[in-house]
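Read through the structure below, which is laid out as structure tokens, and then see the notes.
Listed below in structure tokens is the structure:
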């Protein structure tokens, strides 16, 4: 499972790449419709967001084999299952509404607000985001408590993934930069965690 740890920095890179651009506000529905009907929009959700969620689950599964607590893995699975549902909505619902609007079908902004941004979607997205933050902090804390040399990457992992999630709502322009920083922290964690825990578990040699 050691190689599976590298799914975490790969996940971080995909997060960063998926947020290099952001969709226009739905208040400018013409621009919004043009953006969500691009191949870039679809690819970012399928390859980066949804596949990235799978990598997060695989990477966390590998990490928890080196940790005492399995709670971070459970939280990560639940959070990313719900996030995948929201990404799927964006990938398949928004482009259809955008194409209909660009084709001149009336009422698409209202339908978009009722479906792609309806109450059920908003509740799911916000709940999943909060749970992702909790999962990130849980994994970061569990890692930081394992050994002294894992303290920094563990703390960085929890904080940076939390900041990435929050910046998507509060300051989208910074999100990609935070994503790349998270990928770097995850790479350090992936490199150090198996080596540190293996060294710690080796029995001490005793003289006869």
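In the working numbering, the protein residues as written are 177 to 384.
Glycine is no exception: its CB is placed at the ideal position from the N, C-alpha and C atoms.
The model shown is predicted, which means the values in this text are computed figures rather than measured ones.
Cut-off 6 Å between Cβ atoms - residues of its own chain near residue i, not counting five sequence neighbours on either side
i, result
"residue 384", "Confidence is the limiting factor: at residue 384 the pLDDT is only 40, short of 50, which leaves the residue's position unreliable and the question unanswerable from this model."
"residue 266", "221"
"residue 332", "361"
"residue 278", "209"
Reduced DSSP secondary structure (H/G/I, E/B, other) of residue i
i, result
"residue 202", "coil"
"residue 283", "coil"
"residue 243", "coil"
"residue 321", "coil"
"residue 235", "helix"
"residue 214", "coil"
"residue 197", "coil"
"residue 294", "coil"
"residue 178", "coil"
"residue 347", "coil"
"residue 184", "helix"
"residue 381", "Residue placement at residue 381 cannot be trusted, given a pLDDT of 45 that sits under 50; what the coordinates show is reported in the next sentence. If DSSP states are grouped into helix, strand and coil, residue 381 belongs with coil."
"residue 371", "helix"
Cβ-Cβ distance between residue i and residue j below 8 Å
i, j, result
"residue 276", "residue 284", "yes"
"residue 180", "residue 237", "yes"
"residue 392", "residue 308", "One cannot answer for residue 392 here, as it falls past the ends of the chain, which runs 177 to 384."
"residue 334", "residue 317", "yes"
"residue 355", "residue 340", "yes"
"residue 362", "residue 228", "no"
"residue 192", "residue 315", "no"
"residue 186", "residue 231", "yes"
"residue 336", "residue 358", "yes"
Closest Cα partner of residue i within the set the options
i, options, result
"residue 220", "190, 259, 299", "190"
"residue 312", "180, 224, 184", "184"
"residue 371", "288, 241, 338", "241"
"residue 345", "199, 282, 269", "199"
"residue 196", "349, 328, 207", "349"
"residue 194", "264, 352, 294", "352"
Counted within 10 angstroms of its Cβ, other Cβ atoms place residue i as buried (16 or more) or exposed
i, result
"residue 381", "Any reading at residue 381 needs caution, since the residue's pLDDT is 45, under 50, leaving its predicted position unreliable; the model's value is listed next. Classification of residue 381: exposed, given that the 10 Å Cβ count is below 16."
"residue 201", "exposed"
"residue 347", "exposed"
"residue 167", "Outside the displayed range of the chain (177 to 384) lies residue 167, so it cannot be described from this structure."
"residue 280", "exposed"
"residue 319", "buried"
"residue 274", "buried"
"residue 257", "exposed"
"residue 215", "exposed"
"residue 248", "buried"
"residue 260", "buried"
Chain-order list of residues whose beta-carbon lies under 8 Å from that of residue i (same chain, five-residue window excluded)
i, result
"residue 262", "297, 300, 301, 304"
"residue 218", "267, 271"
"residue 293", "202"
"residue 269", "291, 292"
"residue 178", "238, 370"
Neighbourhood of residue i by C-beta distance below 7 Å, restricted to the same chain and skipping five residues each side
i, result
"residue 287", "273"
"residue 233", "252, 253, 256"
Any non-hydrogen atom of the ligand FMN closer than 7 Å to residue i Cβ
i, result
"residue 204", "As for the ligand FMN, it is missing from this structure, which has no ligand bound."
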